[in-house]
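> Here it is: the structure, laid out below.
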DNA sequence: AATGAATGAGTGTTCATTCAT
DNA sequence: TATGAATGAACACTCATTCAT
């Protein structure tokens, strides 16, 4: 068989979870969509919760790999923009996973990996901001508060991309331009 | 009785929903916390879903009232900052409601009012940006993309305030300063 | 007050039970229709079941009183017809009670009084038939089987009167004529 | 397995419904009697009400098939008697179903199919009576009133057969003889 | 590896009844 | 007498999981 049973179930689960959320998605929805029997599901996954967490962990780990550390040898703004673009592109190409991470992981017991990921991104951003400030490149903002704001701006941009479509490259440029230059003309 | 039964149930429900989310919260959790009998719950609320929606609708409607339109007679930046401060203060004083709206309203059937609210705020922001651009006050950004980014920044700042604490006034200033002036020194 | 609270409740209960049946009728239906508070109901009745049984017992006892023993000094057929007419008239004037007894007393624990009443009427009819046979007035039918048939014919005629209306006197004549003379012309 | 799960549940349901009536019968009664788990019930039936209605519909449809139209080529009385016998025999062989239809289908929302069936039988009887009158075989009775009476007599005879036992053939003869010839000797 | 019938703990909701006022 | 807020036992139905085949 060209595509394994496990992959069929994973694909079906992504679709169902992203449409219905964790609690409204039933095992029967998943196995029907995957075209396998109920029992087969439990040959590949310990249960519904484990499967959901696996999807979350896989996604945040892939997202993490998309974020490359900024090197001093190249323009840092461009590198940040590339990171943004990669994330936006990933969300566009993995819409269901992005939807699950952004909108469907809200019960406390399930959202742990996502919250950790976001916190680590906030931390990463904060450290970069601190570095930029120290190097004199950035204004003297409160790095933590601004890091949260920036991460929030990115999250919402990703959400917008998923809901309304758009071009990852352009959006990354707009987001960067706003973050870097602010709104005010003067 | 100094405090009504309905209020006791509402308070307990806010606490439970904000801690456990909609699906993990059972009626028995709510009535036990409220110190009333199971049947009493149904004297005041049609059911679990209705109660949850009531909490969501009440919150977004209160949030909406906190946002005052910007008047031309005063400094617009200060008015925007006041709006931000009011929202942050509300979230701090109504932590449970804020947590429910931000983190616990994610199942598609329940999150409708919240999504509508956020979309309306994005629209409002977008219109303000357009006006500011037309008046020459703001740079020529894509108003829609930037509006999403700004709303995302606010959302995440609210989330940070709830999770880590902070001062609404200071945070509103930091948020405004970042949005207005951007990160870059030059 | 011209009409007592107890009577108001009884009246409301008759209406509700006859429309909805025992299980679909709730105490709240009865007290709302009666215009009294929930608690008041329990000042006058021990509970829902007791009230229902009271209605049944009252009705069958009133029905019983309508059936006069046949005297030898007058035409027996006319006396039977008068009994029938009285029963039909009672059903027409007490439609709700009749409906309850005929259609709404079907759960085993509730229908006891009605079944006993019907059995006693079958017995009464049977005895009359036996007497009539002994006196040479009636054909030599199986008295028990025929008594059931006759009682069934009366029951269904009462039901028809309630559902479709009609004149008690005429119906009693038709019923008697059928029972006495049968269908066959020859 | 020699007998299917669905049949086991149906059998148990017939027994419980016929003994306790619709509302007093709990799903737990049915599944315990059937020897299956609670959830198994819902694999085969949508719910308690649907199952009850299925039993009613099945029974009235089977009863309907037992009633053969009277042909002109044979003695009409004998054909009517055969119809009666078939119905009585069915009731005897399907005591639980007969008991449900006769005694347990009394709540307005549930009794619809039974009422329709009885009305159609009254109509059928009425039409036959009219034909008989037109052909000069029967006396000039009010066909509708007499049809109700006849159907009532049959119903009660069925009830008596179930409660007290008896021979379908003999009972059909007695019932016919009473209906055809009446009670009066002269 | 795959099936799908069977399981049973869990949960939202109802409604007759009580009791403090 | 009358009230009506409060009670809590009861019940239908769901659905993740198991297991014999």
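Chains as they are written, first to last, in our numbering: chain A, 1 to 186; chain B, 187 to 372; chain C, 373 to 558; chain D, 559 to 744. Glycine is no exception: its CB is placed at the ideal position from the N, C-alpha and C atoms. Note that this is a predicted model, so its numbers are computed, not measured.
(1) Are the stretch 96 to 112 of chain A and the stretch 44 to 63 of chain A in contact at 8 angstroms, needing three or more beta carbon pairs?
(2) Compare the C-alpha of residue 332/B against each of 31/A, 150/A, 34/A, 18/A and name the closest.
(3) Using only the alpha-carbon positions, how far apart do residue 16/A and residue 682/D sit?
(4) Can you give me the Cβ contacts of residue 221/B inside the same chain, cut-off strictly under 6 angstroms, excluding the 5 residues immediately before and after it?
(5) Could you please tell me which residues of the stretch 395 to 417 of chain C, in chain order, have their CB closer than 7 angstroms to any CB of chain D?
(6) Identify which residue in 382/C, 503/C, 466/C has its Cα closest to the Cα of residue 441/C.
(7) Let's test the definition: count the other Cβ atoms within 10 Å of the Cβ of residue 155/A and tell me whether it reaches 16, buried, or not, exposed.
(8) So, does the stretch 484 to 501 of chain C touch the stretch 458 to 467 of chain C, judging by three or more C-beta pairs under 8 angstroms?
(9) Is any non-hydrogen atom of the ligand ZN found closer than 7 angstroms to the C-beta of residue 47/A, if you look at the structure I gave you?
(10) Let me make sure I understand the geometry here. Which of 140/A, 137/A, 144/A, 110/A has the alpha-carbon closest to that of residue 120/A?
(11) So, residue 377/C versus residue 412/C, is the Cβ gap smaller than 8 angstroms?
(12) Mind listing which residues of the stretch 720 to 733 of chain D have their C-beta closer than 7 angstroms to chain C's C-betas, in chain order?
(13) Given that residue 142/A touches chain B, what residues does it touch there, using C-beta distances under 7 angstroms?
(14) Quick one: give me the first and last residue of the alpha helix (DSSP H) that residue 94/A is part of.
(15) Measure from the C-beta of residue 48/A to each C-beta in chain B and report whether the shortest distance is under 8 angstroms.
(16) What would DSSP say about residue 555/C, mapped onto helix, strand or coil?
(17) Considering only residues of the same chain and omitting the five flanking positions on each side of residue 572/D, which have a CB-CB separation below 8 angstroms?
(18) Pull up the distance between the alpha-carbon of residue 640/D and that of residue 569/D, whole angstroms please.
(19) Going by DSSP in three states, residue 324/B sits in which element: helix, strand or coil?
(20) How many whole angstroms separate the CB atoms of residue 508/C and residue 743/D, which I take to be in contact at a CB cut-off of 8 angstroms?
(21) With a threshold of 8 angstroms between beta-carbons, can residue 206/B be considered close to chain A, or not?
(22) Please return the same chain residues whose Cβ sits closer than 7 angstroms to the Cβ of residue 500/C, not counting the five positions on each side in sequence.
(23) Report the three-state DSSP secondary structure of residue 445/C (helix, strand or coil).
(24) Apply the 10 Å Cβ neighbour rule to residue 31/A and answer buried if 16 or more other Cβ atoms are within range, or exposed otherwise.
(25) Could you check the C-alpha separation between residue 224/B and residue 232/B for me, to the nearest Å?
(26) Can you tell me the Cα-Cα spacing of residue 251/B and residue 582/D, whole angstroms?
(27) Can you tell which of 334/B, 355/B, 328/B has the C-alpha that lies nearest to the C-alpha of residue 163/A?
(28) Any residues in the stretch 232 to 260 of chain B with a beta carbon nearer than 9 angstroms to a beta carbon of chain A? Which ones, in chain order?
(29) Might you give, ordered along the chain, the residues of its own chain that have their beta carbon closer than 8 angstroms to the beta carbon of residue 319/B, omitting 5 neighbours on each side?
(30) Once you ignore the five residues that flank residue 456/C on each side, which residues in its own chain have a CB closer than 7 angstroms to its CB?
(31) How would you list, in chain order, the residues of chain A whose beta-carbon sits under 9 angstroms from the beta-carbon of residue 341/B?
(32) Return no unless some Cβ of chain C is closer than 8 angstroms to the Cβ of residue 681/D.
(33) Closer than 7 angstroms, Cβ to any Cβ of chain D: which residues of the stretch 468 to 497 of chain C, in chain order?
(34) Which residues in the same chain have their Cβ closer than 6 angstroms to the Cβ of residue 126/A, if we skip the five residues on either side of it in sequence?
(35) What does residue 703/D touch in chain C if you count any residue whose Cβ is under 9 angstroms from its own?
(36) How is residue 476/C classed by DSSP in three states: helix, strand or coil?
In short:
(1) The stretch 96 to 112 of chain A, when compared against the stretch 44 to 63 of chain A, does touch it at the 8 angstroms Cβ threshold.
(2) For the options 31/A, 150/A, 34/A, 18/A, the alpha carbon positioned closest to that of residue 332/B is the one of 150/A.
(3) Per the coordinates, the alpha-carbon of residue 16/A lies some 55 angstroms from the alpha-carbon of residue 682/D.
(4) The answer is none, since no qualifying residue turns up.
(5) Those residues of the stretch 395 to 417 of chain C placed with their C-beta closer than 7 angstroms to a C-beta in chain D are 395, 396, ordered along the chain.
(6) Residue nearest to residue 441/C within the set 382/C, 503/C, 466/C is 503/C (criterion: CA-CA distance).
(7) By the neighbour-count criterion, in which 16 or more other beta carbons inside 10 Å mark a residue as buried, residue 155/A falls on the buried side.
(8) Too few Cβ pairs lie closer than 8 angstroms, so no.
(9) This structure simply doesn't include the ligand ZN, nor any ligand for that matter.
(10) Distance check between residue 120/A and each of 140/A, 137/A, 144/A, 110/A places 144/A closest, using alpha-carbon atoms only.
(11) Here residue 377/C is near residue 412/C, since their CB atoms are less than 8 angstroms apart.
(12) Under the 7 angstroms Cβ criterion, the stretch 720 to 733 of chain D contributes 729, 732, 733.
(13) Those are 360, listed as they occur along chain B.
(14) Going by DSSP, residue 94/A is part of no alpha helix (DSSP H) at all; its letter is neither H nor E.
(15) No - not a single Cβ of chain B is within 8 angstroms of the one on residue 48/A.
(16) The three-state secondary structure of residue 555/C, taken from DSSP, is coil.
(17) Here the set comprises 613, 654, 655, 658.
(18) Those two C-alpha atoms are separated by around 28 angstroms.
(19) It is a strand residue.
(20) With a Cβ gap of about 7 angstroms, residue 508/C and residue 743/D count as contacting.
(21) Closer than 8 angstroms to some Cβ of chain A, the Cβ of residue 206/B qualifies, so yes.
(22) Hits under 7 angstroms: 442.
(23) Three-state DSSP puts residue 445/C in coil, outside helix and strand.
(24) Around the beta carbon of residue 31/A, a 10 Å sphere encloses 16 or more other beta carbons of the protein chains shown; the residue is thus reported as buried.
(25) Going by C-alpha positions, residue 224/B is about 13 angstroms away from residue 232/B.
(26) Separation of residue 251/B and residue 582/D (C-alpha to C-alpha, rounded to the nearest whole angstrom) is 53 angstroms.
(27) Nearest neighbour of residue 163/A by Cα position, chosen from 334/B, 355/B, 328/B, turns out to be 334/B.
(28) Flagged: no residues at all.
(29) So the qualifying residues of the chain are 325, 326, 327, 329.
(30) Contacts found: 526, 544, 547, 548.
(31) Here the neighbours are 152, 155, 156.
(32) For residue 681/D, no Cβ of chain C is located within less than 8 angstroms of the residue's own Cβ.
(33) Taking 7 angstroms as the cut-off between beta carbons, the residues of the stretch 468 to 497 of chain C near chain D are 475, 476, 478, 479, 480, in sequence order.
(34) Taken in chain order, the residues that qualify are 143, 144, 147.
(35) For a Cβ distance threshold of 9 angstroms, residue set 529, 532, 538, 542, 543, 546, 547, 550 of chain C lies close to residue 703/D, ordered along the chain.
(36) Reduced to three states, the DSSP call for residue 476/C is helix.
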